[in-house]
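What follows is a set of notes on a single structure, which appears directly below.
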């Protein structure tokens, strides 16, 4: 977990094929209030482009992207 | 209640779909009922509303009301129907329980295309902002990625790096060879994949083994515009692949294992300086030309193959997967005597992309598919479409079928004999 | 009574044929004037040549034979009957030499063809009362079948009545006189046609046939012209 970001909800999307991570996050983000932050964990390399593009279309904000060996973590702030 | 302005706008959308073929489909049905047994949803669930002619009639009733003189003089003779909020609900029910597999076309004495008629329903739903939100979101995301390609290029390359390592660790490469070439001008083949590892890694391994001069597209193949039935978005998503192919001057555009992507690309691009192939066709060619060799011992158990509707019945790639499977196994079992009668997996038309929202319906509506697979006794269920693969995997879990659902391309990659 | 007979046998026939011919032509032009679909709508595997298979699909209904064999038998019988009856009516305009391979006076089938057609029509009609075809059917489908049933019923009865009850004042000559005069727009109604004991059958036959022709261009009966082009789309 990133030190400087307070995460309100974590979504484990590991192992899901594209476009499921985006589908789940776009639904899931409605479970937190506007201004709150979710962490989405994906193993799908496609999400590296999918998430930023989705954020632009849906009006949400990716605060930070982290990659370790297998997992890609997105910290997304709900703006819309 | 629907105000006049909304209705007029929707009717304009309806009119925009009325080309010759559509008019023929709308005028010709005699409601003979021969299509009754054609739809997997009806065969699995039994309700009349899932018969192809019934679905089509939902659209046809509106046509009879607004686009036939009869609708004004004598609407009741054809049960012509007013376009209302309730009619839109019916359109939704009809269009989003139809996977667009076109199996009913094999039954109809005239060959009426229910998928085409449902595309009217889908367009009206888009116009009324009643389409499944998620499909529009996916289409928009996809368009956004294409529009600001430079913004996403870096993360795309980053993602590829991770995949290259995997390709290299599993399959030997010639010295100096790039595992996943991108943006190569003058390449022979442009591979359009999905934004996922499983669609890129095995394909890369096979291209490299066949010594193909290939390059990976920046764009993903899947056309969510087509799923949601929005012609403008469908065209946008399609056109950028076309322009990339032209820019790189490739001779062939190869579409990954994705039924809709292949059919849209193959049938809607028009005349181009490149040809469009499905990856299954390309793989069959490699085997035929001796460019790759496969080891049958890598496949353990009886194999059956699910023909993705949009690739087989609706685009004609039928012999190629069977040819490939001959080189992968000695125990291949057909699902049907004739491939055009294959049941749809139950996940087409955007239903799989709608995820859990449609899961219950997808499971219930595809029980005939499960019976069909079980009857073969096969333990490996191969297919060549992302959408079918996802749905068949769901069915496998739900009905505890105990089969291994595999992508044909990944079976080939695993069986590659490395020289 | 005579005025009514006249109205049905002369002006209404003109009106019906005008609507049938103009309506059908205009509707067909309107359909084929619209732009073509940009992509193929074929179903695979394909068989070449597509146009020949489309003809095969249009005239032999192979999909019905395979999936609804009983319906197929009735459909084949019915459509063959319709063809024979059209030929038979052409004989009412003038002698068609080739059809005299079995010598006959008016109709080759002597009312039998019409009887078979009406049995087929009853089968189609009753089929529509049984689920799931009932749920698929709309009023037009029933109306058309009932209308056609009445047309062929009175048509074939006419032939029988003439022979069984010896209304022999009516021969093929009167029909030829009547129809020929309609054709040259100089209508003449021979007395024999309207004053014979079975004249009411002729009048009803023509009345219902007129109604059918008037409705034809606007109904699903248009499938008789559209079946081939639609089938062609499927065959590519």
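Chains as they are written, first to last, in this note's numbering: chain Z, 3 to 82; chain R, 2 to 420; chain V, 320 to 555. Glycine included, every Cβ here is placed at the ideal spot set by N, Cα and C. The structure presented is a predicted model; accordingly, all values stated were derived computationally and were not measured.
With 16 or more other Cβ atoms from the protein chains shown falling within 10 Å of its own Cβ, residue 160 of chain R counts as buried. The C-beta distance from residue 54 of chain R to residue 36 of chain R rounds to 5 Å, short enough to fall under 8 Å. Between residue 457 of chain V and residue 419 of chain V, the alpha-carbon positions lie close to 42 Å from each other. Boundaries of the beta strand (DSSP E) harbouring residue 407 of chain R: 405-408, taken from the DSSP string. With a 10 Å radius around the Cβ and a threshold of 16 neighbouring Cβ atoms, residue 22 of chain Z comes out buried. Considering only beta carbons, the part of the segment 357-368 of chain V lying closer than 8 Å to chain R consists of 357, 358, 359, 360, 361, 362, 363, 364, 365, in chain order.
If you draw a straight line from the Cα of residue 382 of chain V to the Cα of residue 11 of chain R, it is about 35 Å long.
Residue nearest to residue 428 of chain V within the set V/477, V/500, V/449, V/393 is V/477 (criterion: CA-CA distance). The distance from the Cβ of residue 246 of chain R to that of residue 220 of chain R is about 10 Å, inconsistent with a contact at the 8 Å cut-off. Within its own chain, the residues whose Cβ lies closer than 7 Å to the Cβ of residue 72 of chain Z, once the five positions on either side in sequence are excluded, are 45, listed in chain order. Using a Cβ-Cβ cut-off of 7 Å, residue 163 of chain R is close to 47 of chain Z, given in chain order. Contact check for residue 225 of chain R against residue 86 of chain R fails: the beta carbons are separated by 8 Å or more. A contact between stretches requires three or more CB pairs, one per stretch, nearer than 8 Å, and the segment 322-334 of chain R fails this requirement with the segment 100-118 of chain R. The beta-bridge partner set that DSSP reports for residue 305 of chain R consists of R/334, R/382.
DSSP lists Z/43 as the bridge partner or partners of residue 14 of chain Z. Spatial neighbours of residue 50 of chain Z in its own chain (CB-CB distance under 7 Å, excluding positions within 5 residues in sequence) are listed in chain order as 74. Residue 352 of chain V places its beta carbon 8 Å or farther from that of residue 536 of chain V. Within the same chain, and ignoring the five residues on either side of residue 308 of chain R in sequence, the residues whose Cβ sits closer than 6 Å to its Cβ are 340, 343.
Residue 106 of chain R has a beta carbon lying within less than 8 Å of a beta carbon in chain V. Per DSSP, residue 68 of chain R lies in no beta strand (DSSP E) segment and is marked neither H nor E.
Straight-line spacing of the CA atoms in residue 214 of chain R and residue 190 of chain R works out to 6 Å. Close to residue 146 of chain R, with beta-carbon spacing below 7 Å, are these residues of chain Z in chain order: 51, 55.
With respect to chain R, the C-beta atom of residue 465 of chain V has no partner C-beta closer than 8 Å. One thing to note: residue 126 of chain R has its Cβ within 8 Å of the Cβ of residue 132 of chain R. Residue-level contact check: residue 60 of chain Z touches chain R, since one or more beta carbons of chain R fall below 8 Å from its beta carbon. Secondary structure at residue 276 of chain R: strand, using DSSP grouped into helix, strand and coil. Here residue 204 of chain R is near residue 257 of chain R, since their CB atoms are less than 8 Å apart. R/209 is the residue among R/404, R/337, R/407, R/209 whose C-alpha sits nearest the C-alpha of residue 418 of chain R. Looking at R/217, R/62, R/315, the one whose alpha-carbon comes closest to that of residue 193 of chain R is R/217. Apart from sequence neighbours up to five positions away, the residues of its chain that approach residue 241 of chain R with a beta-carbon distance below 7 Å are 147, 220, ordered along the chain. Residue 385 of chain R and residue 410 of chain R have their C-alpha atoms spaced approximately 7 Å apart. Within chain R, no residue has its CB atom less than 9 Å from the CB of residue 44 of chain Z, the nearest being about 10 Å off.
The C-alpha of residue 49 of chain R is placed about 7 Å away from the C-alpha of residue 454 of chain V. Here residue 391 of chain V is buried. Its C-beta has 16 or more other C-beta atoms within 10 Å. The residues 529, in chain order, have a CB closer than 6 Å to that of residue 331 of chain V in the same chain once the five nearest residues on each side in sequence are set aside. Distance from the Cα of residue 260 of chain R is smallest, within the candidate group R/88, R/97, R/388, R/76, for R/388.
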